[in-house]
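If you read the sequences in order, they're chains F and E. For the first sequence, the working numbering assigns the number 13 to the initial residue and increments by one for each residue that follows. For the second sequence, the working numbering assigns the number 13 to the initial residue and increments by one for each residue that follows. For reference, the structure is listed below as structure tokens.
Protein chains: 2
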Amino acid sequence: MKTLRDIGENRLLRHLLPRLPQRPEVAVGPGDDCAVVRVPGSADDWLFTTDPVIERRHFLPETPARLVGRKAIARAVSDVAAMGGTPLWILVDLVAPAATPLARIRGLYAGLAAAARKWDLAILGGDTAEGDALELHITGVGRIPRGTAVLRSGARPGDLVYVTGALGGAYLPGCRHHLAFEPRLAAGRFLAERKFATALMDLSDGLAADLPRLLDASKRGVRLEAAAIPLSRAARKTQQPLHHALCDGEDFELLFTVSPKNRARFETAWKRSFPKLPAVRIGEILADPKRRRLHFPGGPAVPLQAGGYQHFLVHKGR
Amino acid sequence: MKTLRDIGENRLLRHLLPRLPQRPEVAVGPGDDCAVVRVPGSADDWLFTTDPVIERRHFLPETPARLVGRKAIARAVSDVAAMGGTPLWILVDLVAPAATPLARIRGLYAGLAAAARKWDLAILGGDTAEGDALELHITGVGRIPRGTAVLRSGARPGDLVYVTGALGGAYLPGCRHHLAFEPRLAAGRFLAERKFATALMDLSDGLAADLPRLLDASKRGVRLEAAAIPLSRAARKTQQPLHHALCDGEDFELLFTVSPKNRARFETAWKRSFPKLPAVRIGEILADPKRRRLHFPGGPAVPLQAGGYQHFLVHKGR
Numbered sequence: 013m014k015t016l017r018d019i020g021e022n023r024l025l026r027h028l029l030p031r032l033p034q035r036p037e038v039a040v041g042p043g044d045d046c047a048v049v050r051v052p053g054s055a056d057d058w059l060f061t062t063d064p065v066i067e068r069r070h071f072l073p074e075t076p077a078r079l080v081g082r083k084a085i086a087r088a089v090s091d092v093a094a095m096g097g098t099p100l101w102i103l104v105d106l107v108a109p110a111a112t113p114l115a116r117i118r119g120l121y122a123g124l125a126a127a128a129r130k131w132d133l134a135i136l137g138g139d140t141a142e143g144d145a146l147e148l149h150i151t152g153v154g155r156i157p158r159g160t161a162v163l164r165s166g167a168r169p170g171d172l173v174y175v176t177g178a179l180g181g182a183y184l185p186g187c188r189h190h191l192a193f194e195p196r197l198a199a200g201r202f203l204a205e206r207k208f209a210t211a212l213m214d215l216s217d218g219l220a221a222d223l224p225r226l227l228d229a230s231k232r233g234v235r236l237e238a239a240a241i242p243l244s245r246a247a248r249k250t251q252q253p254l255h256h257a258l259c260d261g262e263d264f265e266l267l268f269t270v271s272p273k274n275r276a277r278f279e280t281a282w283k284r285s286f287p288k289l290p291a292v293r294i295g296e297i298l299a300d301p302k303r304r305r306l307h308f309p310g311g312p313a314v315p316l317q318a319g320g321y322q323h324f325l326v327h328k329g330r
Numbered sequence: 013m014k015t016l017r018d019i020g021e022n023r024l025l026r027h028l029l030p031r032l033p034q035r036p037e038v039a040v041g042p043g044d045d046c047a048v049v050r051v052p053g054s055a056d057d058w059l060f061t062t063d064p065v066i067e068r069r070h071f072l073p074e075t076p077a078r079l080v081g082r083k084a085i086a087r088a089v090s091d092v093a094a095m096g097g098t099p100l101w102i103l104v105d106l107v108a109p110a111a112t113p114l115a116r117i118r119g120l121y122a123g124l125a126a127a128a129r130k131w132d133l134a135i136l137g138g139d140t141a142e143g144d145a146l147e148l149h150i151t152g153v154g155r156i157p158r159g160t161a162v163l164r165s166g167a168r169p170g171d172l173v174y175v176t177g178a179l180g181g182a183y184l185p186g187c188r189h190h191l192a193f194e195p196r197l198a199a200g201r202f203l204a205e206r207k208f209a210t211a212l213m214d215l216s217d218g219l220a221a222d223l224p225r226l227l228d229a230s231k232r233g234v235r236l237e238a239a240a241i242p243l244s245r246a247a248r249k250t251q252q253p254l255h256h257a258l259c260d261g262e263d264f265e266l267l268f269t270v271s272p273k274n275r276a277r278f279e280t281a282w283k284r285s286f287p288k289l290p291a292v293r294i295g296e297i298l299a300d301p302k303r304r305r306l307h308f309p310g311g312p313a314v315p316l317q318a319g320g321y322q323h324f325l326v327h328k329g330r
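Right, dumping it as structure tokens:
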């Protein structure tokens, strides 16, 4: 009997998502960072995303509750940023064992509320239920000027591939990045408003898992330059910084593509707008969707392994 | 150390919800069946609700997966009906153990998709994560003509209290009501469009738990006629049908109040529009919020106990 473990999250979603009913106003259905809904007569499109945050998967029993609440909201904010939009409204489903100390729940909600204030969001409500583990399920709703959401599917051959910030090590001891990351909201809006990005997503499961999703959506390949991939301080302290940058996940940086004809204009405008946040060119989109290689300087080109984090598959502890 | 078990869901929510950040466009925040958002320039208000559906809480391991998917959607539809609105879009967070048979997940999604088609909904997407128990977290979004949503807070002294259908026994052996119920979508719209209902909610945790929520929101009391409460066929087969009608939960009928001056007009219009669905008058709203009594014909009046289902509190098996 086949189980989820046998097929993993990617194949599960590939199987399930195309069969789900849609409606005419749904401009982008399942499969991107957010769904996009276009209501007739509205100047804005609406963006919808959900994110689970589960004890022992996304945080530990000893993680301070306020940081768990913050992380839950920040993940949804990052999904909206990954379309180029502005988040507005949050719903929260809480699951908790009956023996959960009240102080922990208060801490969670204090973290949710503080994060909502930070990003100017309303928490519309939600529901609570008893369950075996502590979980938050966050729904985020955002807006973006009509027709300007940047999808994963827009990358064209020759487009240059960029990432913001530095990658890897979000879960390494002493690194709180997976709890304290800053969703790239202003950067996402900049990329959408200025129409620089042809494709855009956020990095939640690691470059090696997420880039193939962008390539699949765009039906393209890639030439990735290993030496160009920006390594986080935490990753650089390890024996295998590149492995961490490719596979750890929870970077919540933006991954995007820019047409080569806009390269100079984009890089100048970026530096002016984000002097403290690097946007690093790490590769180039190829026409052939089967060509997906990681190039080492003066060394071999290896196939880009679909590593990174995938739910249900057997994987390293995180 | 206080835990959730010590305070229960009602007190938890009363404590947490008022402190959550809001935004100016949020017309109704946490605490009603749906939140209501009023976007400037839009002819419709937007309705938002979330519902968890958790194995061993809302369904059993042996429950057919298609019915679980149906139930998850139907709960969200019922919340939108309880405002008088029309549901449009659904998001689904799936949590499942890695050992879950693929066939069960397929069944769940077949149930979700069939229910979405039945109520003309789009499934916008969602997320999946590994966890210890099978869970669906559903977000439902609906619309309603601007300013016409019927809240829990509108009941006035003298208003008559009605319920649709019959109550109790949704979980009794041989009764599949909690899986097969029909959300009262047309009835909810009728009550809102025709402006008959002064207050409206759906019955998810049992009349004895839900009516006090309407009374709290309206700051009113009630005189409830025990003999008038419509008993389901399943409840009538038991030794204590009234107890089941008050406390079982998952009826997903509508509970609403109507001004006495509209009584005749309402009852005539209802019978014409819903010849097969009774709307039964079960009591009257009182001015004093402390007076909440259940009257027995020729017998005693007993205080309306806040029974019914509440998460986290110790309760009967369901």
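Each residue gets a CB set at the ideal place from its N, CA and C atoms; glycine is no exception.
Query	Result
Beta-carbon spacing of E/Ala84, E/Asp63 below 8 Å	yes
Supposed contact pair E/Arg305 and E/Arg235 - C-beta distance, whole angstroms, cut 8 Å	6 Å
Opposing strand residues paired with E/Met213 [DSSP bridges]	E/Leu267
Environment of E/Ala238 [buried if 16+ CB atoms lie within 10 Å]	buried
Beta-carbon proximity of F/Gly97 to F/Gly159, cut-off 8 Å	no
CB-CB length for E/Ile66 against E/Val104, believed under 8 Å	Not confirmed; about 14 Å, so no contact.
DSSP three-state assignment for F/Arg50, whether helix, strand or coil	coil
Chain-ordered residues of the stretch 90-102 of chain E with a beta carbon less than 8 Å from chain F	Leu100, Trp101
Beta-carbon proximity check, F/Gly123 vs F/Gly81, cutoff 8 Å	yes
Rounded C-alpha distance that separates E/Asn22 from F/Asp139	11 Å
Which of helix, strand or coil DSSP assigns to E/Ala86	helix
Within chain E, the residues that F/Lys14 reaches when beta carbons sit closer than 8 Å	Pro113, Leu114, Ala115
Coil, strand or helix - F/Asp45 by DSSP	coil
F/Asp57 (DSSP reduced to helix, strand or coil)	strand
Cut-off 8 Å between Cβ atoms - residues of its own chain near F/Leu203, not counting five sequence neighbours on either side	Gly96, Val162, Ala209, Leu212, Leu266, Phe268
In DSSP terms, what F/Ala134 is bridged to	F/Trp101
Beta-carbon gap between F/Ala141 and E/Leu16 smaller than 8 Å	no
Helix, strand or coil at E/Ala108 according to DSSP, with G and I counted as helix	strand
Cβ distance (whole Å) where F/Arg344 is taken to contact F/Gly233 below 8 Å	Outside the modelled stretch of chain F, which goes from 13 to 330, sits residue 344 of chain F, for which no answer is possible.
Buried versus exposed, by CB contacts within 10 Å (16 or more), E/Glu147	buried
Counted within 10 angstroms of its Cβ, other Cβ atoms place E/Val314 as buried (16 or more) or exposed	exposed
Where F/Pro312 falls: helix, strand or coil (DSSP)	coil
Straight-line Cα distance separating F/Ala110 from E/Gly20	8 Å
DSSP state of E/Asp91 mapped onto helix, strand, coil	helix
Closer than 8 Å to chain E by CB, F/Pro33	yes
Residue of E/Asp44, E/Leu25, E/Leu28, E/Ile297 minimising C-alpha distance to E/Arg335	Residue 335 of chain E lies beyond the stretch modelled for chain E, which goes from 13 to 330, so this question has no answer here.
Outcome for E/Leu72 when other beta-carbon atoms lying within 10 angstroms are tallied against a minimum of 16	exposed
Chain-ordered neighbours of E/Ala47 on chain F, where CB pairs are closer than 7 Å	Leu136, Gly137
Anticipated Cβ contact below 8 Å, F/Asp413 with F/Gly152, distance rounded	The structure shown has nothing for residue 413 of chain F, since chain F only spans 13 to 330.
Residue-chain proximity (F/Arg78, chain E), Cβ-Cβ < 8 Å	no
Interface flag, E/Tyr121 vs chain F, CB-CB below 8 Å	yes
CB-CB length for F/Thr250 against F/Gly181, believed under 8 Å	7 Å
Cβ separation of E/Glu279 and E/Gly170, assumed to be a contact under 8 Å, to the nearest whole Å	That pair is no contact at about 16 Å.
Below-8 Å beta-carbon distance, F/Ile294 vs any chain E residue	no
Strand pairing of E/Asp139, partner residues [DSSP]	E/Asp105
Closer than 8 Å to chain E by CB, F/Ala141	yes
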